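**Student:**
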DNA sequence: GCATTTGCCTAAAGCCTTTAGGCAAATGCA
DNA sequence: TGCATTTGCCTAAAGGCTTTAGGCAAATGC
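Okay, here's the thing in structure tokens:
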């Protein structure tokens, strides 16, 4: 057999596609080898371990997501920016459920440091500049927004909102309305 | 070897303990067999599969959590109730991380139907009776609260809030203050 | 053109899941 | 109490995923 041209990069991308197709949990070095029609052991020259592969997929997804967020935020402020960033997360999760799941993989401190995690936090802070919050409330608000985005998208993806009225899309819009109202009217301690 | 007294019930409870010790992902039929000092195959008379075991642990955790919630809600209303239920989730997740992770296991529709999931939704609705919301805003608010509880607790458990000031405990309190304010002042569409 | 590097392969060990079939302890019933 | 049945745990075995070691041939570099 000739060479297929395996690469850490290609394996990571293919792993991300595989995750979207079968779920992040089901991403396996074996499945990836099958996809390239190559023996399993061959992959171990390019990724250290199954864990390493998953971490790389997570880092890729975090970067993609941060890139989309940056695009969406460009030129927007206030509620507009809030909705834009929120929709980036939700849309990404719906379009790429496996990759989105990957972003929730617990990272080692070193991996986290080299990840786009910081960019995500920074984007949320950027949104809050359109509101009138000072520290420490700004940090509390960052955490609240992160919780809502992550929580809502996770629950929606798990189907929690799909078996009752009203439509999840409608709740999403109203939840963002509510968050905007809350940020404009943040309670004093 | 004599009989150890394996039971679906005992396996489920031991599985939940194991989950809290090593993580829900690491709960394995093999590990459980080791814990009972019994051969792996023996467990298969009591649980159908590894998936079945995990589902049972998830259902157990959902029940425990609902029980705690019901206790906490008894005799409380308004912000008091909100904080009480929120703390139940957060405390449970901190005391029983493996069980908490189990509650996020995607369930089949049948399993979900027989689960305490309905009680959880009902408890959140009960809290909202202390505020002045009518449908469909009440449902939007239910989804928001669920998202915040789930999202905050997940992120906190993943360590997202542990490497920066202020303390997560403080953010939690202020986030609940903010939610209370929001519910008292829910924006019109 | 030859030496070195690189890429994928075979082999093998270890662990997890799951099914099949067996023996002995517990239980139930005369 | 004695015997039959059920029940509980065991051995055996097959199949899948992970990971390491060592080998050969294609690609690369001088």
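Residue numbers (my numbering), protein chains in the order written: chain A, 1 to 189; chain B, 1 to 189. Every residue, glycine too, gets a C-beta built ideally from N, C-alpha and C. Because the structure is a prediction, the values reported are computed rather than measured.
From B:104, B:112 and B:90, pick the residue whose C-alpha is nearest to that of residue 173 of chain B; which is it?
**Tutor:** What you label residue 173 of chain B is simply residue 173 of the second chain in a count that begins at 1. Residue 173 of chain B has its Cα closest to that of B:90, out of B:104, B:112 and B:90.
**Student:** For a contact defined as C-beta to C-beta under 7 Å, what are the partners of residue 140 of chain B on chain A?
**Tutor:** On the second chain, position 140 is the one that residue 140 of chain B refers to. Going along chain A in sequence order, the residues near residue 140 of chain B (Cβ under 7 Å) are 171, 174 and 175.
**Student:** Tell me whether residue 66 of chain B is buried or exposed, calling it buried when 16 or more other Cβ atoms sit within 10 Å of its Cβ.
**Tutor:** Here residue 66 of chain B refers to the residue found at position 66 of the second chain. Result: buried.
**Student:** Of all the alpha helix (DSSP H) runs that stay within the bounds of the region 103-174 of chain B, which reach a length of 4 or more residues?
**Tutor:** Those alpha helix (DSSP H) runs which fall completely within the region 103-174 of chain B and span 4+ residues are 109-113, 117-128 and 137-157.
**Student:** Identify which residue in A:53, A:171 and A:127 has its Cα closest to the Cα of residue 9 of chain A.
**Tutor:** Sequence index remark: in the first chain, residue 9 of chain A carries index 9 (1-based). Out of A:53, A:171 and A:127, A:53 has the C-alpha closest to the C-alpha of residue 9 of chain A.
**Student:** Since I believe residue 12 of chain A is in contact with residue 60 of chain A (beta carbons under 8 Å), could you give me their beta-carbon distance rounded to a whole number of angstroms?
**Tutor:** Mapped onto the first chain, residue 60 of chain A falls at position 60. Mapped onto the first chain, residue 12 of chain A falls at position 12. Yes, residue 60 of chain A and residue 12 of chain A are in contact; Cβ-Cβ is about 5 Å, under 8 Å.
**Student:** Along the chain, where does the alpha helix (DSSP H) containing residue 80 of chain A start, and where does it finish?
**Tutor:** As a position in the first chain, residue 80 of chain A is number 80, starting the count at 1. From DSSP, the alpha helix (DSSP H) with residue 80 of chain A extends over 78-95.
**Student:** For residue 115 of chain A, does the count of other Cβ atoms within 10 angstroms reach 16, so buried, or fall short, so exposed?
**Tutor:** Counted from its first residue, the first chain places residue 115 of chain A at position 115. The residue in question, residue 115 of chain A, is buried, as its Cβ has 16 or more Cβ neighbours within 10 Å.
**Student:** Out of B:75, B:102, B:14 and B:4, point me to the one whose CA is closest to residue 42 of chain B's CA.
**Tutor:** One-based indexing of the second chain puts residue 42 of chain B at position 42. Per the Cα distances, B:4.
**Student:** In angstroms, rounded to a whole number, what distance separates the CA positions of residue 138 of chain B and residue 17 of chain B?
**Tutor:** Along the second chain, one-based indexing puts residue 138 of chain B at 138. Along the second chain, one-based indexing puts residue 17 of chain B at 17. Distance between the alpha carbons of residue 138 of chain B and residue 17 of chain B: 36 Å.
**Student:** If you run the structure through DSSP and keep just helix, strand and coil, what is residue 29 of chain A?
**Tutor:** Residue 29 of chain A sits at position 29 when you count from the first residue of the first chain. Helix, per DSSP.
**Student:** May I ask you to verify whether the region 16-35 of chain A touches the region 96-111 of chain A, counting CB pairs closer than 8 Å and requiring at least 3?
**Tutor:** Yes: the two stretches touch, three or more of their Cβ pairs being nearer than 8 Å.
**Student:** The alpha helix (DSSP H) with residue 42 of chain B in it runs from where to where?
**Tutor:** Numbered from 1 along the second chain, position 42 holds the residue referred to as residue 42 of chain B. Segment 40-43, the alpha helix (DSSP H) holding residue 42 of chain B.
**Student:** In chain B, which residues lie less than 9 Å from residue 62 of chain A when you measure between Cβ atoms?
**Tutor:** Counted from its first residue, the first chain places residue 62 of chain A at position 62. Neighbours of residue 62 of chain A on chain B: none; closest Cβ ~13 Å, over 9 Å.
**Student:** Mind checking which residues open and close the alpha helix (DSSP H) that includes residue 22 of chain B?
**Tutor:** Counted from its first residue, the second chain places residue 22 of chain B at position 22. From DSSP, the alpha helix (DSSP H) with residue 22 of chain B extends over 8-22.
**Student:** Sort B:129, B:132, B:32 and B:156 by Cα distance to residue 93 of chain B and report the nearest one.
**Tutor:** Numbered from its first residue, the second chain carries residue 93 of chain B at position 93. That would be B:156, whose Cα lies nearest to the Cα of residue 93 of chain B.
**Student:** Inspect the beta-carbon positions of residue 30 of chain B and residue 40 of chain B and report whether they are closer than 7 Å.
**Tutor:** Sequence index remark: in the second chain, residue 30 of chain B carries index 30 (1-based). Sequence index remark: in the second chain, residue 40 of chain B carries index 40 (1-based). Yes.
**Student:** Let me know the secondary structure DSSP gives residue 68 of chain B once reduced to three states.
**Tutor:** The sequence position of residue 68 of chain B within the second chain is 68, counting from 1. Residue 68 of chain B: helix per DSSP, three-state reduction.
**Student:** Would you mind giving the Cβ-Cβ distance between residue 78 of chain A and residue 117 of chain A, rounded to the nearest angstrom? I have them listed as a contact below 8 Å.
**Tutor:** Translated into positions along the first chain, residue 78 of chain A becomes position 78. Translated into positions along the first chain, residue 117 of chain A becomes position 117. With 8 Å as the limit, residue 78 of chain A and residue 117 of chain A do not qualify as a contact, their Cβ atoms being about 25 Å apart.
**Student:** Using beta carbons (cut-off 7 Å, strictly below), is residue 187 of chain A in contact with chain B?
**Tutor:** Within the first chain, the letter at position 187 stands for residue 187 of chain A. At least one chain B Cβ lies under 7 Å of residue 187 of chain A.
**Student:** Could you pull out every residue in the same chain whose Cβ sits closer than 6 Å to the Cβ of residue 69 of chain A, ignoring the five residues on either side in sequence?
**Tutor:** Numbered from its first residue, the first chain carries residue 69 of chain A at position 69. Taken in chain order, the residues that qualify are 85, 88 and 123.
**Student:** Taking its Cβ as the centre, do 16 or more other Cβ atoms sit within 10 Å of residue 71 of chain A, making it buried, or is it exposed?
**Tutor:** The residue labelled residue 71 of chain A in the question sits at position 71 within the first chain. Per the 10 Å Cβ criterion, exposed.
**Student:** Against chain B, does residue 115 of chain A count as a neighbour if the rule is that its beta carbon must be under 7 Å from one of theirs?
**Tutor:** Within the first chain, residue 115 of chain A is the residue found at index 115, counting from 1. Residue 115 of chain A does not count as touching chain B.
**Student:** For a cutoff of 7 Å on Cβ pairs, would you count residue 152 of chain B as touching chain A?
**Tutor:** For this step, residue 152 of chain B is matched to residue 152 along the second chain. At least one chain A Cβ lies under 7 Å of residue 152 of chain B.
**Student:** Compute the Euclidean distance between the alpha carbons of residue 259 of chain B and residue 165 of chain B, then round it to the nearest angstrom.
**Tutor:** Residue coverage of chain B in this structure runs from 1 to 189, which leaves residue 259 of chain B outside it and unanswerable.
**Student:** Can you tell me which of the three DSSP states residue 98 of chain A falls into?
**Tutor:** Your numbering for residue 98 of chain A matches position 98 in the first chain. Reduced to three states, the DSSP call for residue 98 of chain A is helix.
**Student:** Which residues in chain B sit within 9 Å of residue 162 of chain A, going by Cβ to Cβ distance?
**Tutor:** Mapped onto the first chain, residue 162 of chain A falls at position 162. Residues of chain B passing the Cβ test: none, with the nearest at roughly 11 Å.
**Student:** Measuring straight from C-alpha to C-alpha, what distance separates residue 189 of chain A and residue 148 of chain B?
**Tutor:** In the first chain, the residue the question calls residue 189 of chain A occupies position 189. In the second chain, the residue the question calls residue 148 of chain B occupies position 148. For residue 189 of chain A and residue 148 of chain B, the distance between alpha carbons rounds to 19 Å.
**Student:** Leaving out the 5 sequence neighbours to the left and right, which residues in its chain are closer than 7 Å to residue 146 of chain A when beta-carbon positions are compared?
**Tutor:** Counting from one through the first chain, the residue named residue 146 of chain A turns up at place 146. Around residue 146 of chain A: 124.
**Student:** Between residue 144 of chain B and chain A, is the shortest Cβ-Cβ distance under 7 Å, so that the two count as touching?
**Tutor:** As a first step, residue 144 of chain B is located in the second chain; it is residue number 144 there, counting from the start. By this cut-off, residue 144 of chain B is an interface position.
**Student:** Using beta carbons (cut-off 7 Å, strictly below), is residue 148 of chain B in contact with chain A?
**Tutor:** As a working mapping, residue 148 of chain B is identified with position 148 in the second chain. Interface residue, yes.
**Student:** What's the call for residue 81 of chain B, buried or exposed, on a 16-neighbour Cβ count within 10 Å?
**Tutor:** Taking the second chain and counting its residues from 1, one reaches residue 81 of chain B at position 81. With 16 or more Cβ atoms within 10 Å of its Cβ, residue 81 of chain B is classed as buried.
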